[in-house]
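One structure is given below, encoded as structure tokens.
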Amino acid sequence: MGASESKLAFKQSVFLLAGDEDISPFDPLWAQFYTLPESAEDVFALWSPNDLRALTRNTVDLRPPLHTQIAPRKNLETLIYTTIARLQAFQRPQDSDNAQLTPVAEILNCMRILTRLLPYLYEADHLKDWQQDFFWKPRRPTRVLGGTDGRTPIYFDGLDPRKKFQRDEIEQAIGTPIGETLLELIIDYLFFPGFAIPRRVREDGTLDTEIVVKVWQSGIGSNKSLNCTKEHEKHQMETLRLLIALSSKPMYTQTSAVATCDVEPLTWMTTRLESRVTNGIVCSLLNTVLKYNPNAWNIPIDLTTKISDPKKLLVMYALQLLLLLVTYQAPLNDKRNQFRHALSMLHRADDFQFIQQGLSQVLAHPIRSTSANLSYFQNKDKALPWAPEMLSLLWELMQCNRRFRRYLNDTGGALDYVILLLFYALDAKDHSTRHGTLRLSIFALQTLSVEAPFATKLNTPFAHSETLPAVMRIPNFHGSYGDFLICSIHTIFTTPKGRLEAVYPALLSIISNIAPYQRGLARATSSKMIDLFTLLSSPSFLLASENNHTLVMKLLDAINGILDNTVKDNPRFVEVLVGSRARFKALRTLTIEGALAELNRQGQERKDRGLDGGNGQSYSRGPSMDSVRSPSALRTPTLEEVPEDERFDIGDDDGDEIEGVDNDMHNGTPHLDESADQLHQMSEKARGKQPASRVMALSRTTSASSLPTVSTITSQPFRPSQEWLESWYETLPLSTVFKTINEAKIGGGIPEKTTRSIDQAMHAHNDGKFTPGANIELTNTAPVTAEPPSNFEWSSVARVWYMSELWGRIYIQEAEVSQGIGGLYSGTNIVLFKRSSSTQEISLRSPKGAIDAVGNSLAQRISNISLKRE
Numbered sequence: 026m027g028a029s030e031s032k033l034a035f036k037q038s039v040f041l042l043a044g045d046e047d048i049s050p051f052d053p054l055w056a057q058f059y060t061l062p063e064s065a066e067d068v069f070a071l072w073s074p075n076d077l078r079a080l081t082r083n084t085v086d087l088r089p090p091l092h093t094q095i096a097p098r099k100n101l102e103t104l105i106y107t108t109i110a111r112l113q114a115f116q117r118p119q120d121s122d123n124a125q126l127t128p129v130a131e132i133l134n135c136m137r138i139l140t141r142l143l144p145y146l147y148e149a150d151h152l153k154d155w156q157q158d159f160f161w162k163p164r165r166p167t168r169v170l171g172g173t174d175g176r177t178p179i180y181f182d183g184l185d186p187r188k189k190f191q192r193d194e195i196e197q198a199i200g201t202p203i204g205e206t207l208l209e210l211i212i213d214y215l216f217f218p219g220f221a222i223p224r225r226v227r228e229d230g231t232l233d234t235e236i237v238v239k240v241w242q243s244g245i246g247s248n249k250s251l252n253c254t255k256e257h258e259k260h261q262m263e264t265l266r267l268l269i270a271l272s273s274k275p276m277y278t279q280t281s282a283v284a285t286c287d288v289e290p291l292t293w294m295t296t297r298l299e300s301r302v303t304n305g306i307v308c309s310l311l312n313t314v315l316k317y318n319p320n321a322w323n324i325p326i327d328l329t330t331k332i333s334d335p336k337k338l339l340v341m342y343a344l345q346l347l348l349l350l351v352t353y354q355a356p357l358n359d360k361r362n363q364f365r366h367a368l369s370m371l372h373r374a375d376d377f378q379f380i381q382q383g384l385s386q387v388l389a390h391p392i393r394s395t396s397a398n399l400s401y402f403q404n405k406d407k408a409l410p411w412a413p414e415m416l417s418l419l420w421e422l423m424q425c426n427r428r429f430r431r432y433l434n435d436t437g438g439a440l441d442y443v444i445l446l447l448f449y450a451l452d453a454k455d456h457s458t459r460h461g462t463l464r465l466s467i468f469a470l471q472t473l474s475v476e477a478p479f480a481t482k483l484n485t486p487f488a489h490s491e492t493l494p495a496v497m498r499i500p501n502f503h504g505s506y507g508d509f510l511i512c513s514i515h516t517i518f519t520t521p522k523g524r525l526e527a528v529y530p531a532l533l534s535i536i537s538n539i540a541p542y543q544r545g546l547a548r549a550t551s552s553k554m555i556d557l558f559t560l561l562s563s564p565s566f567l568l569a570s571e572n573n574h575t576l577v578m579k580l581l582d583a584i585n586g587i588l589d590n591t592v593k594d595n596p597r598f599v600e601v602l603v604g605s606r607a608r609f610k611a612l613r614t615l616t617i618e619g620a621l622a623e624l625n626r627q628g629q630e631r632k633d634r635g636l637d638g639g640n641g642q643s644y645s646r647g648p649s650m651d652s653v654r655s656p657s658a659l660r661t662p663t664l665e666e667v668p669e670d671e672r673f674d675i676g677d678d679d680g681d682e683i684e685g686v687d688n689d690m691h692n693g694t695p696h697l698d699e700s701a702d703q704l705h706q707m708s709e710k711a712r713g714k715q716p717a718s719r720v721m722a723l724s725r726t727t728s729a730s731s732l733p734t735v736s737t738i739t740s741q742p743f744r745p746s747q748e749w750l751e752s753w754y755e756t757l758p759l760s761t762v763f764k765t766i767n768e769a770k771i772g773g774g775i776p777e778k779t780t781r782s783i784d785q786a787m788h789a790h791n792d793g794k795f796t797p798g799a800n801i802e803l804t805n806t807a808p809v810t811a812e813p814p815s816n817f818e819w820s821s822v823a824r825v826w827y828m829s830e831l832w833g834r835i836y837i838q839e840a841e842v843s844q845g846i847g848g849l850y851s852g853t854n855i856v857l858f859k860r861s862s863s864t865q866e867i868s869l870r871s872p873k874g875a876i877d878a879v880g881n882s883l884a885q886r887i888s889n890i891s892l893k894r895e
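Quick note: the sequence shown uses the working numbering, first residue 26, plus one each step.
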């Protein structure tokens with residue numbers, strides 16, 4: 026905005042809106058708001074948080090029917106109507122002489138006013154009923170006080186004040202809900218000629234102002250670019266920012282209600298748009314995100330500077346909006362998400378190659394920078410700011426599009442993503458504020474691991490591991506991708522910093538899913554698997570939680586998968602297994618009395634050494650790897666207020682409905698509740714008579730990883746008992762392990778058939794050395810014995826975590842872009858998560874503690890249905 030006098034006059038107009046006087050919709054004051062500002066910064070600076078909150082102060086609306094309603098200042102309604110009416114007027118057909126003068130500045134200012142205002146409306150909890158009525162019910166006549174006495178109500182159409190109504194007409198519907206009208210206008214502006222896309226000229230030389238959905242850039246859905254200029258991209262960016270602000274209601278919703286919160290703008294966009302519009306938006310957003318190359322001319326961006334370039338902002342907002350649309354499911358609405366369906370329908374190999382290249386050039390940035398040794402850039406090995414969002418996009422694609430998963434396996438791209446996902450997990454494991462990124466990476470790996478072709482591909486030898494970033498290097502590593510994956514999982518399990526129990530079941534599910542297909546496992550890998558068994562089967566871990574035994578069972582499933590299917594191809598694994606037989610015997614002879622006595626003895630020793638602060642009890646703490654070494658008491662938080670709603674499944678694969686696409690991934694897998702009932706209905710004695718494979722198949726099916734359900738969490742510390750031990754002890758799948766051990770040579774410790782396998786494998790190569798994976802036929806993807814794979818399962822708490830993760834990232838990125846008073850959300854009272862005043866750090870809220878802390882009890886999720894006693 027220009028001189029200080031004009032700014033002062035503008036500010037005085039803002040103050041007038043908060044007064045008691047209702048300003049006429051015909052007053053020239055309204056035009057100042059969308060004509061005077063020259064930038065988004067002007068709008069944000071001159072509409073301070075105090076100014077906006079003054080507009081949302083309580084008043085009482087005395088309109089019929091005979092009840093009072095809490096409502097904001099009447100001038101706030103008029104401001105919203107005025108800005109929307111202006112946006113609507115600019116889209117009306119214009120004559121050829123005036124069509125060349127698109128009022129871009131006014132359009133942008135109207136959008137900026139709404140972008141600035143909406144978060145403060147959502148913040149005002151007392152206006153929830155008013156918001157629902159005003160935005161999402163059919164439009165009714167509005168009113169202001171006027172007339173000669175200044176007190177006579179005047180009723181009119183808010184979008185067209187020239188249309189007047191009588192008092193007895195004020196309850197009639199005069200148009201579609203104002204929220205729907207606004208969304209239709211904003212969507213149209215994404216494809217408005219002369220604003221978001223270039224102008225078109227007709228054959229007769231006149232300008233074509235018709236709104237036609239066209240993909241912004243070449244790539245998916247279009248092989249031709251619209252050649253948008255920087256100005257067009259800036260307008261696209263501000264329009265996307267408004268759509269995100271319009272959808273930001275979850276940030277101002279209690280954690281207990283966010284999973285079932287109806288975000289009306291997202292509901293409307295995902296269920297009401299025409300398919301051509303949906304496809305145009307999906308392709309435009311995807312191409313914008315995937316075509317941006319942060320490493321142009323092989324020069325990495327400087328991550329020490331904040332995101333301010335309009336092109337980067339466009340990519341950021343496009344990615345955020347795409348994720349919000351794809352992951353949203355309207356509560357109490359049976360209509361499928363059209364954006365997710367569009368993503369699931371992608372099938373062309375060229376499209377998948379385009380997607381893979383776009384994802385990789387962002388996700389691989391830290392690894393490429395390290396290998397290139399570009400030491401003259403600060404933070405060269407750091408991830409790009411929007412890398413976590415790209416991880417989410419990768420995970421969503423893998424969940425909803427089976428063809429994409431198959432493409433990754435067929436082309437070998439899945440192996441590249443193993444390394445990338447492990448990098449982000451390992452890089453984040455020691456930083457509690459980045460554990461959300463770690464979870465995304467691990468859950469994406471789990472989604473990949475359910476595919477048999479992927480598990481078989483992991484037998485490919487992995488070379489050049491020494492070129493990886495230091496955070497993920499394994500000293501003297503030699504082996505396959507499967508070896509590297511298992512060794513990296515061991516590193517995450519045994520990390521000394523932070524509490525990572527939220528991903529323990531997922532990590533074990535990955536190992537269990539791939540184990541039946543692994544051949545030629547290295548000795549180091551085998552030793553680390555047995556080391557994991559030692560940690561999980563130790564009394565200090567087993568007795569720490571009522572459900573920790575399920576983690577041991579999951580790892581035993583993986584061990585049995587190897588012994589049942591590829592024992593001849595894994596001689597080193599058998600060697601390590603036989604050499605560690607005492608550890609398995611210790612589990613077989615476990616008793617409560619003996620375990621508690623040993624723990625008390627160890628606790629007393631630690632107390633004498635001053636290592637545990639005087640607490641010698643080690644059986645009531647939480648299930649962490651660190652707790653095996655350092656016992657401490659832990660009370661598990663509760664989530665009674667979080668409703669459980671199993672209808673919703675973010676991972677729904679709409680593509681499964683397509684004829685010709687099989688559903689083999691889930692064949693033979695009982696439903697969660699069905700499996701739980703079968704186990705529950707078995708008596709203790711009956712379960713003992715059941716074959717171990719049958720009981721564990723039911724247990725395994727219901728123990729797939731997700732965040733804990735409400736019913737499995739208690740606030741009472743766990744006290745192990747003999748009755749608890751007997752409820753699961755007899756079902757431990759140890760028979761295969763001891764059968765293998767018993768078949769070992771008395772002197773050599775290795776079964777004869779395995780010894781012959783070693784000799785054959787060694788002499789099969791010219792150098793006489795055993796090479797992991799070298800003798801594997803990669804097309805063999807059918808193990809003799811294989812349980813249904815454990816995929817990620819969604820629960821209400823998992824949805825809360827994921828939604829909070831997405832909105833937390835949006836908040837952090839927006840705070841980085843617009844610091845200080847210009848922050849879109851930073852000046853509001855966020856409810857979904859807590860913010861640190863000194864850093865950008867956020868932590869998620871829950872009814873009785875941080876939702877992140879609930880993840881520390883994730884092991885309890887998988888035992889909710891595991892071998893319950895009648």
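For glycine and all other residues, C-beta sits at the position ideal for the given N, C-alpha and C.
My understanding is that residue i touches residue j, with C-beta atoms under 8 Å, so please give their C-beta distance in whole angstroms.
i      : j      : result
Asp582 : His515 : The Cβ separation is near 17 Å, so there is no contact.
Gln197 : Arg165 : 7 Å
Thr108 : Leu139 : 6 Å
Asp47  : Lys99  : 5 Å
Asp441 : Ser385 : 7 Å
Leu849 : Thr278 : Incorrect: roughly 17 Å between the Cβ atoms, too far for contact.
By the three-class DSSP mapping on this structure, what secondary structure does residue i have?
i      : result
Gln531 : Looking at the sequence itself, residue 531 is Ala, so the reference to Gln does not match. Three-state result, Ala531: helix.
Leu525 : coil
Lys764 : helix
Tyr442 : helix
Gln261 : helix
Asn362 : coil
Phe35  : helix
Val592 : helix
Asp213 : helix
Leu232 : strand
Ile95  : strand
Ile801 : Confidence at Ile801 is low in this model, with a pLDDT of 37, below 50, so the placement of that residue should be treated as unreliable; the coordinate-derived value is given next. In the structure shown, Ile801 sits in coil (DSSP, three-state: anything other than H, G, I, E or B).
Ser820 : coil
Ser562 : helix
His460 : helix
Glu102 : helix
Met370 : coil
Asp334 : coil
Thr254 : coil
Nearest to residue i by CA position, among the options, is which residue?
i      : options                           : result
Phe220 : Pro564, Leu208 and Trp241         : Trp241
Leu133 : Arg82, Thr81, Glu205 and Glu258   : Glu258
Ser815 : Gly507, Ser474, Lys593 and Ser851 : Ser474
Gln747 : Tyr59, Arg626 and Glu618          : Glu618
Tyr529 : Ala547, Ser552, Gly504 and Leu560 : Leu560
Arg824 : Lys360, Ala355 and Gly635         : Ala355
Ala367 : Leu422, Thr313, Met415 and Leu357 : Leu422
Ala488 : Ala495, Asn501, Ile269 and Pro478 : Asn501
Using DSSP bridges, identify the partner residues of residue i.
i      : result
Phe181 : Thr167 and Lys189
Gly244 : Ser247
Ile222 : Pro218
Gly200 : Arg164
Can you find a CB in chain B that lies within less than 8 Å of the CB of residue i?
i      : result
Leu612 : Checking the listed chains, one finds no chain B in this structure; it contains a single protein chain.
Discussion item. Just to confirm the assignment: which complete alpha helix (DSSP H) runs, minimum length 4, are found wholly within the segment 464-512?
Written reply: 477-482
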